[in-house]
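Mind the numbering: the sequence shown is residues 3 to 357 in the working numbering, read in order. Positions of the beta carbon are idealized from the N, C-alpha and C atoms, including for glycine.
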Amino acid sequence: MKKFFLFFVGFFLITFNLSFAETKADHSSEKVEISDINTDHLVYTKILYDEIYDIDISEGHYRASVEVLLAWEDEKTAEFLAKFGDEIIHGEELNEYLHEIWYPEFFISNAETPRTVHYKTLDVLDGKFELFERFDAELSIDAEMPKYPFGDLDLFLDIASFSGNKQKMVFYPESIEIGHHDAHHKVVKGNWEVEKTILEEEGRTSLNHGGHEKFSYIIAHVNVNHGFLDALQKILFPIFSIVFLSLLMNHFYPSGNYDIYNWRIGGQLTLFLTIPALKFSLAGELPTTHYLNFTDALFIWATVVVTYNMMIGIISHYKMANEGANTGRSIERFARISSPLVAVLVVGVLLSYIF
């Protein structure tokens, strides 16, 4: 009993450590020097996430409430100050004034529906126009997490310019923030934690203007990882409990021509049916993938172990009834050795494939 318990605990720790064997990525990204950017309007860009919520990795989308601040130099800032002074304009006054000047217009390229703008303002600060906008958007993502529930999920936001190609305007990434420093609420809702953030700019071609010119995109990346305690209680603990009970049942229940042995086979069958029921209950929280992820591997592993133990029990019961007790007990001794080895071998193959 003691050896069996130590074996399973050691096996659990090895598997657990393998799941965390991941190299951390660099949290910083190189910025292009301002002197190297040749454009009419260099648009300094800051992005702040007020809320990130409804993260759905099964459907591949999430919702976010975002603030964007765009700043650029323009000769008409003097006219603005003469007309409005230090006033911040908004509403109809803003819409009318924007018809008189050039300003950076954009759309969210990975938005599933047009963004909902809460408010927009314009003012002049330090000789630059500052266009502020707060909006909500439902955003599609590539919800690929091969190591789910471990690993990072990239919640990205693609902001694409369309009021001029890169010769006319270029986004310059200044900063990305998660929540205001004086706000005391959880920005990322649910069982997710922010791992790192990146703000970068890149040029992409468009069918606009003949399809050869590049337009500036500013891409905000918020990499999040799944809360460990949530993964532990919903996925790891139930699956490891199923495997442990299956191995325990196979190891300690003796063979014999009585109902308790038949219940041993029935117990394995119950565990076998529990596995798809558990996966069905987690369907809304598991990524829909075209590849094998870590959670899929755990479910396959549990299914193979329980199936193997149930088959051994059926064969042992048959041999006991038809060939005598000695044959049945020899199969049972073989099962006590082979069952843990099969569990280790299968999980080893699956983990080597994934990691």
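Phe274 and Val245: beta carbons closer than 8 angstroms? Stepping through the sequence shown from its first residue, residue 274 is reached at position 272. Stepping through the sequence shown from its first residue, residue 245 is reached at position 243. No.
Please report the distance separating the alpha-carbon of Pro278 from that of Leu238. The residue labelled residue 278 in the question sits at position 276 within the sequence shown. The residue labelled residue 238 in the question sits at position 236 within the sequence shown. One C-alpha to the other measures close to 15 angstroms.
Quick one, are the C-beta atoms of Tyr46 and Asp56 less than 8 angstroms apart? In the sequence shown, residue 46 corresponds to position 44, counting from 1. In the sequence shown, residue 56 corresponds to position 54, counting from 1. For the 8 angstroms CB-CB criterion, Tyr46 and Asp56 do not form a contact.
Please identify the residue among Thr115, Leu71 and Leu83 whose C-alpha is closest to the C-alpha of Lys122. Walking along the sequence shown from the start, residue 122 turns up at place 120. Nearest to Lys122 by alpha-carbon distance, out of Thr115, Leu71 and Leu83, is Leu71.
Can you tell me where the alpha helix (DSSP H) holding Phe152 begins and where it ends? Within the sequence shown, the letter at position 150 stands for residue 152. Premise fails: Phe152 is in no alpha helix (DSSP H) and is neither H nor E.
Using 8 angstroms as the limit for Cβ to Cβ distance, is Leu44 near chain C? Chain labels in this structure do not include chain C; a single protein chain is all it has.
Buried versus exposed call for Ala185 [16 or more other C-beta atoms within 10 Å across all chains shown]: Stepping through the sequence shown from its first residue, residue 185 is reached at position 183. So Ala185 ends up on the exposed side.
Who does Gly205 pair with in a DSSP beta bridge? For this step, residue 205 is matched to residue 203 along the sequence shown. Per the DSSP secondary-structure output, Gly205 pairs in a beta bridge with Ser218.
Here's the rule I'm using: 16 or more other beta-carbon atoms within 10 Å means buried, otherwise exposed. How should Ala66 be labelled? As a first step, residue 66 must be located in the sequence shown, where it is residue number 64. Under the 10 Å beta carbon count, Ala66 is surrounded by 16 or more other beta carbons and is classified as buried.
Quick one: what does DSSP say Tyr310 is sitting in, helix, strand or coil? Translated into the one-based positions of the sequence shown, residue 310 becomes position 308. Reduced to three states, the DSSP call for Tyr310 is helix.
What do you get for Thr79, buried or exposed, if any count of 16 or more other CB atoms within 10 angstroms of its CB means buried? Along the sequence shown, read from residue 1 onward, the residue named residue 79 stands at position 77. Result: buried.
Just how far apart, CA to CA, sit Asn193 and His228? Here residue 193 corresponds to residue number 191 of the sequence shown, with the count starting at 1. Here residue 228 corresponds to residue number 226 of the sequence shown, with the count starting at 1. In a straight line, the C-alpha of Asn193 is about 6 angstroms away from that of His228.
Please state if the CB of Pro175 and the CB of Leu201 are separated by a distance shorter than 8 angstroms. For the purposes of this step, residue 201 is taken as the residue at position 199 of the sequence shown. For the purposes of this step, residue 175 is taken as the residue at position 173 of the sequence shown. Their beta carbons are under 8 angstroms apart, which means Leu201 touches Pro175 by this criterion.
Alpha-carbon to alpha-carbon, Asn112 and His43: By one-based count along the sequence shown, residue 43 stands at place 41. By one-based count along the sequence shown, residue 112 stands at place 110. The alpha-carbon separation between His43 and Asn112 amounts to approximately 24 angstroms.
Measuring only the C-alpha atoms, how far is Glu325 from Glu334? Position 323 of the sequence shown, counting from 1, holds the residue named residue 325. Position 332 of the sequence shown, counting from 1, holds the residue named residue 334. If you draw a straight line from the Cα of Glu325 to the Cα of Glu334, it comes to about 14 angstroms.
Status (buried if at least 16 other CB within 10 Å, exposed otherwise) for His319: If you number the sequence shown from 1, residue 319 lands on position 317. Taking every protein chain shown into account, the CB of His319 has 16 or more other CB atoms within 10 angstroms, so this residue is buried.
How would you call Ser30, buried or exposed, if buried means at least 16 neighbouring beta carbons within 10 angstroms? On the sequence shown, position 28 is the one that residue 30 refers to. Residue placement at Ser30 cannot be trusted, given a pLDDT of 41 that sits under 50; the coordinates are not used to answer.
If you compare alpha carbons, which of Ile241, Ser248 and Leu249 is closest to Lys281? On the sequence shown, residue 281 is found 279 positions in, with the first residue counted as 1. The shortest C-alpha separation from Lys281 is found at Ile241.
Kindly indicate which residue of Phe152, Gly62 and Asp128 has the alpha-carbon position closest to the one of Asp88. One-based indexing of the sequence shown puts residue 88 at position 86. Nearest to Asp88 by C-alpha distance, out of Phe152, Gly62 and Asp128, is Asp128.
Measuring straight from C-alpha to C-alpha, what distance separates Ile36 and Phe108? Here residue 36 is taken as the residue at index 34 of the sequence shown, counted from 1. Here residue 108 is taken as the residue at index 106 of the sequence shown, counted from 1. Annotation: Ile36 to Phe108 spans about 21 angstroms, alpha carbon to alpha carbon.
Kindly list the residues whose CB is nearer than 6 angstroms to the CB of Ala27, restricted to its own chain and excluding five residues on each side of it in sequence; keep chain order. By 1-based counting over the sequence shown, the position of residue 27 is 25. Its pLDDT being 38, under 50, Ala27 is placed unreliably by the model, and the measurement read from it follows with that caveat. There are no such residues.
Would you kindly report the start and end of the unbroken alpha helix (DSSP H) that includes Ser142? On the sequence shown, residue 142 is found 140 positions in, with the first residue counted as 1. For Ser142, no alpha helix (DSSP H) segment is defined; the enclosing uninterrupted segment is the beta strand (DSSP E) at Lys130 to Ser142.
Would you identify the three-state DSSP class for Trp104, choosing helix, strand or coil? Reading the sequence shown from its first residue, position 102 is the one you call residue 104. Trp104: coil per DSSP, three-state reduction.
For Pro240, report the span of its alpha helix (DSSP H) as first-last. Along the sequence shown, one-based indexing puts residue 240 at 238. Residues Phe239 to Phe254.
Give the straight-line distance between the Cα atoms of Ala23 and Arg266, rounded to the nearest whole angstrom. Here residue 23 refers to the residue found at position 21 when the sequence shown is read from its first residue. Here residue 266 refers to the residue found at position 264 when the sequence shown is read from its first residue. Bear in mind that a pLDDT of 43 at Ala23, under 50, signals an unreliable position, so the number given afterwards is only what the model happens to contain. Ala23 and Arg266 have their C-alpha atoms spaced approximately 37 angstroms apart.
Hey, which unbroken runs of the beta strand (DSSP E) at 3 residues or more fall wholly within the stretch 50-114? Taking 3 residues as the minimum length, the beta strand (DSSP E) runs contained wholly in the stretch 50-114 are 63-75 and 108-110, in order along the chain.
Below 8 angstroms between beta carbons: does that hold for Ile110 and Leu50? Translated into the one-based positions of the sequence shown, residue 110 becomes position 108. Translated into the one-based positions of the sequence shown, residue 50 becomes position 48. A distance of 8 angstroms or more separates the beta carbons of Ile110 and Leu50.
Where do the ends of the beta strand (DSSP E) carrying Leu124 lie? Here the question's residue 124 lines up with position 122 in the sequence shown. DSSP places Leu124 inside the beta strand (DSSP E), whose first and last residues are Thr118 to Leu127.
The alpha helix (DSSP H) enclosing Phe164, as first and last residue numbers: Against the sequence shown, residue 164 aligns to sequence position 162. According to the DSSP assignment, Phe164 belongs to no alpha helix (DSSP H), since it is labelled neither H nor E.
Are Phe173 and Ser165 touching if we call contact CB-CB under 8 angstroms? For the purposes of this step, residue 173 is identified with residue 171 of the sequence shown, where counting begins at 1. For the purposes of this step, residue 165 is identified with residue 163 of the sequence shown, where counting begins at 1. The answer is no: Cβ separation not under 8 angstroms.
Quick one: what's Pro175 bridged to in DSSP? Indexing the sequence shown from 1 puts residue 175 at position 173. DSSP output for Pro175 lists Thr47 as bridge partner(s).
Going by DSSP, which residues form a beta bridge with His186? The residue given as residue 186 occupies position 184 in the sequence shown. BP columns for His186 are empty, so no partner.
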